[in-house]
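Counting from 536, one number per residue, gives the positions in the sequence shown under my numbering.
Single-structure report; data block below.
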Amino acid sequence: MKHIISILTISFVAIQLAFSQNEFDLFKFVQPEINGTARYSSMAGAFGALGGDPSAIKDNPGGLGIYRSSEISGSLNLNIQETQTQWLKGNTSTEGLYLPLFNNFSFIMSFPASGTSLKYSNIAITINRLKDFDRSMRINGSSGSKSSITDYLSYFSDGILADDLYHDDDYNAYGNIYVPWLSVLAANTGLIFQEEGETYWSSLLKPEETVAPSYTMREKGYLNEYAFSWAGNFNNRLFLGITMNIYDLFYSAYADYYESFSEGGNMSLLNTFNSDASGLGLKLGAIYTPFNSLRLGFAVQAPVFFTVKNYHYADMNSAYEAETGPVSYHEKTPEASYEDNKYKIQGPLTYNISGSYIIGKRALIGVEYGISHNEQSKFMDLEKNTFDYSYENDSIRTLFATQGLLKVGGEFKLTDKFAIRAGYAMANPVTLSRIGKEFIPNTIRTDVAYLVPKGNANYWSAGFGYREGRWYIDLAVINKTYSERFYPYNYKKLDTTRRIDPGKVNTTNFNIVTTLGFRF
C-alpha cells in the first residue's frame, strides 16, 4: 500500500495542495486601514462626502467630481512601528521597525462641459498603498508551562497509524494525501510516539515535565491598488463616479516557535509562508449637495475576486535524551509551490455613508461610517466553485463579523493659505473573539500559531497644509494602536490541565506623511 501511494503522489499532489487554506488567510484581505495623502490622513480619512482629494476617490469615486482643475500629486510615508508582547509572566519584549514608503501617486484631469447639466467630466489614475504588512515580533514565555506543542501534535495526530507517518526507503509520508504534514514532522522528529497496536499518539515529555516557550515572527508585504476613475459634476449638486480597481498583494512571513524542555532537550518549528494575489474590483459612489454647506455621500464596492498563490514549507528540529543516549532530528516538508497551490477569494461587500459640513470659508468637518460584511467572504477554486471549501466557508460565516469603521475629521484655516487638521477613527475587530485556528485532517499547512484581534483599532491624527495658487504641500501624523492575543497553537483542543493563557500583543504604528501636489 505504501508503495502504491508513493507512485501516485504526483497524481494526487494537486488535490492535496488545494486543501491548504484556513480562515486566517482571509485577514490580510479584509482588515481595514487608513493610508493616503497627508490631508486625507490628517483627518483620519473622513473624506467620503468631501471629495476633492486623491485618496478620497478610493473611498467614494463621486469625490473625483468635486475637482474643477487638473492635478498631479505624490506622497511619502515614514512608518515607525513598535510591538510590545507579554506572555506567561515572561519578560516584556519590544520590537521596532522604521519603514520609508512611497504610498500614493495620482494624476487627475478635469474637463469643463458646457451646455448640459454635466458641468465637469473628470478622470483619474491613482496608485495607492492600501496596507503594509511589515511587522517584527518576539514573545517569550516563562519557564514552567504545563502546556507543550507536543500535546497539540499528539492530539492532532490521533487515529493515524504509525506506518502512515514514518518514512522508509520505499515510502515518503508526504506523498500520502490522507495524512497531515504536521503529523509527519512530529513523528519523524520523535516528538510524538505511538505504542504498538494503538491508534493514539503520546508526547515524548513526561507527565509532569514543563517547557519554556518562545516565538519570533517577521512579516513583510503590501496591498497596492491601481485605480482608473471617472466622475461627473451635474449642476454643481450631484457628483457621480465609478472606479475600476486592480489589486496587487504580496505577503511573506517567517515564524520560529521554540520550546526548551525542563528535563533536558528542545524543539523548534520554523514556518516560511509567502502569498501572491491579484484582484479586480468595481466601486460606485455619489455625493449630493442639497445646499452649499452640506454634502452627503454614499459609495458601494462590489466583492473583489482575488486569485491567490501560496508557497510554504516547514522545518522541525528536536534534541532530547533517549534511552540509547542523546539524539537529534531534523525534518523538512516538501515545498508547496506557487503553481500547484492556487485558489480564489471572494471578498466582502462593503459600503459607506458620509456627511460633511463646510463652515464659511474657514472650517469644515467630515464624518464617515463604512461597513464590511466580512462573513460573506468565501474561498473557492479557480473555477469559482466552493464545494472543496465548505468547512472553511462555514467557519467564516460563523466566526467573522460585520465590521464598522467610523471616521471623524476637521480642518480649520488660520489664513487663506495655511490650515490645521485633526481626526479620529475606530474599527471593531474583523472576527469574533472565540475564533481558533482549525485544520482539516489531511492539511499540508504547518503554521499552527495565530493572532486574534482584541478590542477596537484606534486612530488619532493631526496635520497642517500650505497652499499657493498652483501648488500645495501637506504634512500629517497618524497614530494607530491595536491589540491581539497570541496562541502558539489551539489550546482549546487540549485537556483543561494543558491550557494556558494566550500572550498579549500591542502594536503601535506612527505614520508621518508628506504630500506635494501641483494644479494646472
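Using N, Cα and C, we set each Cβ at its ideal position, and we do this for glycine too.
Q: State the DSSP-derived secondary structure class of residue 593, mapped to helix, strand or coil.
A: helix
**Q.** Proximity winner among 846, 938 and 870, relative to residue 568 (alpha-carbon distances)
**A.** Just measuring C-alpha positions, the residue of 846, 938 and 870 sitting nearest residue 568 is 938.
**Q.** Enclosing beta strand (DSSP E) for residue 916 [first to last residue]
**A.** Per DSSP, residue 916 belongs to no beta strand (DSSP E) and is neither H nor E.
Q. Under 8 Å between the Cβ atoms of residue 885 and residue 853?
A. It is not a contact, given that the beta carbons lie outside the stated cut-off.
Q.
Using the three-state DSSP reduction, which class does residue 645 fall into: helix, strand or coil?
A. strand
Q | Start and end residues, alpha helix (DSSP H) containing residue 811 | A | It is not in any alpha helix (DSSP H) - residue 811 instead sits in the beta strand (DSSP E) that spans 801–826.
Q: Please name the residue or residues paired with residue 1009 in a DSSP beta bridge.
A: Per DSSP, 1000 and 1050.
(Q) Can you tell me whether residue 719 is helix, strand or coil according to DSSP? (A) helix
Q) What does a CB cutoff of less than 7 Å around residue 690 pick up in its chain, not counting 5 residues either side in sequence? A) 1028 and 1029
Q. Looking at the structure shown, is residue 759 part of a helix, part of a strand, or coil, going by DSSP?
A. strand
Q: Measure the alpha-carbon distance for residue 616 versus residue 903 and round it to whole angstroms.
A: 26 Å
Q.
Taking only three categories from DSSP, how would you classify residue 536?
A. Unreliable placement is indicated for residue 536, whose pLDDT of 38 sits below 50; no coordinate value is reported for it.
Q: Along the beta strand (DSSP E) that carries residue 943, what are the first and last residues, could you check?
A: In the DSSP assignment, residue 943 falls within the unbroken beta strand (DSSP E) covering 937–948.
Q.
Looking at the secondary structure, which residues open and close the alpha helix (DSSP H) in which residue 574 lies?
A. 573–577
**Q.** For residue 785, the nearest candidate out of 814, 610 and 1020 (CA to CA)
**A.** 814
Q) Taking the alpha carbon of residue 858 as the point to measure from, which residue in 739, 675, 949 and 562 has its own alpha carbon closest? A) Among 739, 675, 949 and 562, the Cα nearest to that of residue 858 is on 739.
Q.
At the level of alpha carbons, what is the spacing between residue 702 and residue 719?
A. One C-alpha to the other measures close to 9 Å.
Q. Skipping 5 residues on each side, what residues in its chain have a beta carbon closer than 8 Å to that of residue 800?
A. 853, 854, 855 and 856
Q: Could you have a look at residue 928 and say whether DSSP puts it in helix, strand or coil?
A: helix
Q) Taking the Cβ atom as the reference point for each residue, do residue 577 and residue 998 lie within a distance shorter than 8 Å? A) yes
Q) Looking at the structure shown, is residue 667 part of a helix, part of a strand, or coil, going by DSSP? A) strand
Q) Which same chain residues, not among the five before or five after residue 829, have their C-beta less than 7 Å away from its C-beta? A) Excluding residues within five positions, the ones whose Cβ falls inside 7 Å are 892.
Q | As assigned by DSSP and simplified to three states, the class of residue 584 | A | Correct three-state label for residue 584: coil.
Q. Taking the C-alpha atoms as reference points, what is the distance between residue 1043 and residue 1014?
A. 7 Å
Q) Relative to the alpha-carbon of residue 779, which residue among 766, 743 and 710 has its alpha-carbon at the smallest distance? A) 766
Q.
Just to confirm the assignment: which complete beta strand (DSSP E) runs, minimum length 3, are found wholly within the segment 839–913?
A. 840–857, 860–867, 877–881, 885–894 and 898–908
Q. Per DSSP, what kind of secondary structure is residue 1042 in: helix, strand or coil?
A. strand
Q. Are the segment 829–842 and the segment 672–690 in contact at 8 Å, needing three or more beta carbon pairs?
A. no
Q. So is residue 633 buried or exposed if we call it buried at 16+ other beta carbons inside 10 Å?
A. exposed
Q) If you run the structure through DSSP and keep just helix, strand and coil, what is residue 689? A) helix
Q: Might you give, ordered along the chain, the residues of its own chain that have their beta carbon closer than 6 Å to the beta carbon of residue 1036, omitting 5 neighbours on each side?
A: none
Q: State the CB to CB distance for the pair residue 653 and residue 769, rounded to an integer number of angstroms; the pair is presumed to be in contact (CB under 8 Å).
A: 6 Å
Q) Helix or strand or just coil, what does DSSP make of residue 1035? A) coil
Q) Can you tell me the Cα-Cα spacing of residue 941 and residue 880, whole angstroms? A) 26 Å
Q. Grouping DSSP H, G and I as helix and E and B as strand, with all else coil, what is residue 751?
A. In the structure shown, the three-state DSSP call for residue 751 is strand.
Q: Specify, as a first and last residue, the run of the beta strand (DSSP E) that residue 785 falls within.
A: 773–796
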